[in-house]
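All remarks here apply to the structure that follows.
Residue numbers (the numbering used here): 2 to 874.
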């Protein structure tokens, strides 16, 4: 009985384990980190949106703001910036206006992007609320909100909290992007005349032989028409005109006639204004010639003309059309050589400076790319301006990523997506570089319910603009939505080159009348790995991956291929599949997180430029099972064999517990002593043997997309998954920590057995509960030899299911033995114990399920994950 204090301490030990775990979690969430940009606005016609003009001016709000984190610290930070934690932050600063400024202008609050839910107040008055982190919003400030003779205060409350079904994006999946919060992009107050141009739509039509072009502008105006003192004999009118100016030389090419304005609800519109020019400069990736379209509101008094407002747009004349299932740009077939770009940098997070954006665009052009796909959300408007100037087509899309059909079909979610789609298109439809509008990526396109979502978004896009639409599907076998969009885009995540080619051939055959894109494909690397292409995570293997796949694409007549990705990026969920040392870092880039070029960058550059790449070294890498399984299993086997032969008491107890369990448990009930020391040894051996097999199973499935996502769905705290990921890649640590954890589970089980004894009016001691729990698990000793070989056995796919099934059956047997032992020790009716045990397990599983379903919509996502796994290659 001298060991009873150890047994009694079991609840305390388990409580300590839980406390340490949650202490680690709380500590991780206590780190508040801001990545500060703080740069001033780009003061030129290259701003990307709402360009500088003589009739307008901007009050730049970048720079130092005060902040306070809800339930956290306060301080100051430079804006734009990104905060790298989940939470709510209030930003505050002051600004001043003069009486002349207030009298002669309207003021508009402009935010290029803040993530995710943003609420703005000025001098304590609520101005606006905006939902969505990557689209621009503009809100006119009522004059009565502003004060003269004193500083005006502006408060911006931002929360980046996402959930599983009511936000766009939803809470990120594995391999998603980092959900930075804060005022990520430029913020300023725009001063316009009181009657001003709110929006313009520029369109152009090239003649059949491209020798002339007609440019048309439709504008909307808002505000109050200026009150004018009548001039005798002269009529005062207001009209609209525009001027086409060569972007490089600054020379005016042509100017339209002044078109009359007419009211349209609370706005004014112009009769369409147009001009025709000869020998236009035509925009293309090879020759990105631009014009500046200067749009004017003009007051005409007799022959005198006065400009009231000016709204400028960078524009390129080009013809984009789909003919016979091919994209044609200026009459020639356009074949995309693209990369996916993630708006991410180690110094700035997602609040990149204009200089860093330009460096990335230069990397793309040096690569030979002619297209960039913006990774799952609209970019900073300056990025599109760079695409216009450097000659890069752009695919721009909503952050509707990995969403199940049950959510897509919800009216609230459709309405939310429609709002984001409108904001994206209305902001960026005048950019010549935009090739197509994306409505999402890798959602559940195998369901007919998703068609309602796709159809609604396509209708909105077509109403606002004429460009093609697309989404990235990862379900080539049973996709039901791609026929609703213009471009058949397939994301393909397979390593086998034969399956890669056959899947692409099948996809092409299914969509003969649509342009067909390979919209996302790539492979991960282990940073610094130069072991030769025989190592699947090496730089050489990544380079060979692209060489082989572009060679396969040559014969398939695809309209484009997009590499995933240009640069490494940080994700919002830890990933299992790459042993990079940092599960949050997604190492799929042609260049690293720090923009260091990898071998694959040079390989793709030669492919894009039609050159031949040098031979790659294969190396001498060979896949082998971790030796720790054999060594640890051997130690366990020798130790258990020695104990079995050296200890008569252990040998007899083990034999009786397996062969004559009723009598064995009855002896425990009658306090015929089974030494606690031997019970503890058995518990430790069983825990270690189980840990070895668990480690082998997890290590076998470490490349599994299903396991990676399943861990994210089931584990609420990402820090827990990060720990598990690190342990999976280090089997010896996994075995040690998992053994301790499993032994703690046994202690907890023994504690539960002790606590439920009053329900059966049984008077037992900790010894009974401890012994019956430990010896119930004795069948798991059969895992000792299994652990030495199970990883090798599972390398043959035939034996994977039997190996996992054996492990499950043994654990079910242990559970039944435990209930049998408890019934005997309690001297209770067995059916009652079995019923309570079964109901308890079902109840615990039900509680976990309903909790996960309530907080994470687990049932919907598990169904979606199954459909993706069965509907993708």
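Positions of the beta carbon are idealized from the N, C-alpha and C atoms, including for glycine.
Test item: CB-CB of residue 158 and residue 120 under 8 Å: To locate residue 158, count along the chain shown from 1; it is residue 157. To locate residue 120, count along the chain shown from 1; it is residue 119. Going by C-beta atoms, residue 158 is nearer than 8 Å to residue 120.
Length-filtered (3 minimum) beta strand (DSSP E) runs lying within the stretch 137-205: 138-142, 153-160 and 188-193
Spatial distance of residue 385 from residue 69 (CA atoms): Position 384 of the chain shown, counting from 1, holds the residue named residue 385. Position 68 of the chain shown, counting from 1, holds the residue named residue 69. One C-alpha to the other measures close to 33 Å.
Sequence-distant residues of the same chain with beta carbon closer than 7 Å to residue 102, five excluded per side: To locate residue 102, count along the chain shown from 1; it is residue 101. Here the set comprises 192.
For residue 399 and residue 421, believed in contact at Cβ under 8 Å, the rounded distance: Mapped onto the chain shown, residue 421 falls at position 420. Mapped onto the chain shown, residue 399 falls at position 398. About 5 Å; that satisfies the 8 Å criterion.
Endpoints, the alpha helix (DSSP H) within which residue 768 is located: Position 767 of the chain shown, counting from 1, holds the residue named residue 768. Unbroken alpha helix (DSSP H) run through residue 768: 767-777.
Distance between residue 263 and residue 712 (C-alpha atoms, nearest Å): To locate residue 712, count along the chain shown from 1; it is residue 711. To locate residue 263, count along the chain shown from 1; it is residue 262. Cα-Cα distance, rounded: 60 Å.
Straight-line Cα distance separating residue 825 from residue 651: Residue 651 sits at position 650 when you count from the first residue of the chain shown. Residue 825 sits at position 824 when you count from the first residue of the chain shown. Going by the C-alpha atoms only, they are around 21 Å apart.
Beta-ladder partner(s) of residue 346, from DSSP: For the purposes of this step, residue 346 is identified with residue 345 of the chain shown, where counting begins at 1. Beta-bridge pairing links residue 346 to 350.
CA nearest to the CA of residue 305, picked from 246, 248 and 240: Looking up residue 305 in the chain shown gives position 304. Nearest C-alpha to residue 305 among 246, 248 and 240: 240.
Rounded separation between residue 152 and residue 98 - CA only: Position 151 of the chain shown, counted from the start, is the residue given in the question as residue 152. Position 97 of the chain shown, counted from the start, is the residue given in the question as residue 98. C-alpha separation (whole angstroms): 8 Å.
Whole-angstrom distance between residue 705 and residue 137, CA atom to CA atom: Locating residue 137 in the chain shown gives position 136, counting from the first residue. Locating residue 705 in the chain shown gives position 704, counting from the first residue. About 38 Å.
Exposed unless 16 or more other CB atoms sit within 10 angstroms - verdict on residue 358: Translated into positions along the chain shown, residue 358 becomes position 357. Buried, because 16 or more other Cβ atoms sit within 10 Å of the Cβ of residue 358.
Cβ neighbours of residue 608 in the same chain (closer than 6 Å, five flanking residues each side left out): On the chain shown, position 607 is the one that residue 608 refers to. Contacts found: 551.
Residue environment, residue 602, which counts as buried when at least 16 other CB atoms sit within 10 Å: Reading the chain shown from its first residue, position 601 is the one you call residue 602. With 16 or more other Cβ atoms within 10 Å, it is buried.
Residue range of the beta strand (DSSP E) that includes residue 219: Locating residue 219 in the chain shown gives position 218, where the first residue counts as 1. According to the DSSP assignment, residue 219 belongs to the beta strand (DSSP E) that extends over 213-224.
Inter-residue Cα distance where the pair is residue 574 and residue 583: Looking up residue 574 in the chain shown gives position 573. Looking up residue 583 in the chain shown gives position 582. Answer to the nearest angstrom: the Cα atoms are 11 Å apart.
DSSP three-state assignment for residue 412, whether helix, strand or coil: Looking up residue 412 in the chain shown gives position 411. Helix at residue 412.
Nearest residue (CA-CA) to residue 198, options 110, 51, 570 and 766: The count along the chain shown starts at 1 and reaches residue 198 at position 197. Considering only alpha carbons, the answer is 51.
Rounded straight-line distance, which links the Cα of residue 834 to that of residue 649: Start at 1 with the first residue of the chain shown, and residue 649 comes out as number 648. Start at 1 with the first residue of the chain shown, and residue 834 comes out as number 833. Rounded to the nearest angstrom, the two C-alpha atoms are 32 Å apart.
Enclosing beta strand (DSSP E) for residue 310 [first to last residue]: Within the chain shown, residue 310 is the residue found at index 309, counting from 1. Start and end: 305-316.
Proximity to residue 769 [Cα-Cα], best of 182, 753, 629 and 549: Translated into positions along the chain shown, residue 769 becomes position 768. Measuring from the Cα of residue 769, the nearest candidate turns out to be 753.
Whether residue 589 touches residue 524 by CB criterion (8 Å): On the chain shown, position 588 is the one that residue 589 refers to. On the chain shown, position 523 is the one that residue 524 refers to. Result yes, Cβ atoms of residue 589 and residue 524 sit closer than 8 Å.
Residue 134 in three-state terms, based on DSSP: The residue given as residue 134 occupies position 133 in the chain shown. DSSP places residue 134 in coil when its eight states are reduced to three.
Cβ-based burial, residue 568 [other Cβ within 10 Å; buried from 16]: Walking along the chain shown from the start, residue 568 turns up at place 567. Residue 568 comes out buried.
6 Å CB neighbourhood of residue 30 in its chain, flanking five on each side removed: In the chain shown, residue 30 corresponds to position 29, counting from 1. Summary for residue 30: the model assigns pLDDT 39, below 50, so the residue's position carries little reliability; its value from the coordinates is reported in the next sentence. Nothing meets the Cβ criterion.
Three CB pairs or more closer than 8 Å across the stretch 292-309 and the stretch 329-336: no
Cβ pair residue 566, residue 341 closer than 8 Å: As a first step, residue 566 is located in the chain shown; it is residue number 565 there, counting from the start. As a first step, residue 341 is located in the chain shown; it is residue number 340 there, counting from the start. The beta carbons of residue 566 and residue 341 sit closer together than 8 Å.
Closest Cα partner of residue 776 within the set 656, 295, 788 and 509: As a first step, residue 776 must be located in the chain shown, where it is residue number 775. The option with the nearest alpha carbon to residue 776 is 656.
Exposed unless 16 or more other CB atoms sit within 10 angstroms - verdict on residue 265: Locating residue 265 in the chain shown gives position 264, counting from the first residue. It is exposed - the Cβ of residue 265 has fewer than 16 other Cβ atoms within 10 Å.
Assigned exposure category for residue 133 - 16 Cβ within 10 Å defines buried: The count along the chain shown starts at 1 and reaches residue 133 at position 132. Residue 133 comes out buried.
Assigned exposure category for residue 172 - 16 Cβ within 10 Å defines buried: Along the chain shown, read from residue 1 onward, the residue named residue 172 stands at position 171. Flag for residue 172 reads buried.
Top-ranked residue by Cα proximity to residue 458, from 473, 481 and 440: Walking along the chain shown from the start, residue 458 turns up at place 457. The shortest C-alpha separation from residue 458 is found at 440.
Cβ neighbours of residue 553 in the same chain (closer than 8 Å, five flanking residues each side left out): Looking up residue 553 in the chain shown gives position 552. So the list reads 498, 501, 502 and 505, once near-sequence residues are dropped.
For residue 34 and residue 27, the rounded distance between their alpha carbons: Position 26 of the chain shown, counted from the start, is the residue given in the question as residue 27. Position 33 of the chain shown, counted from the start, is the residue given in the question as residue 34. At residue 27 the pLDDT is 40, less than 50, meaning the model places this residue with poor confidence; the figure from the coordinates comes in the next sentence. Distance between the alpha carbons of residue 27 and residue 34 is about 15 Å.
For residue 76, the residue or residues it bridges with in DSSP: Position 75 of the chain shown, counted from the start, is the residue given in the question as residue 76. DSSP lists 68 as partners of residue 76.
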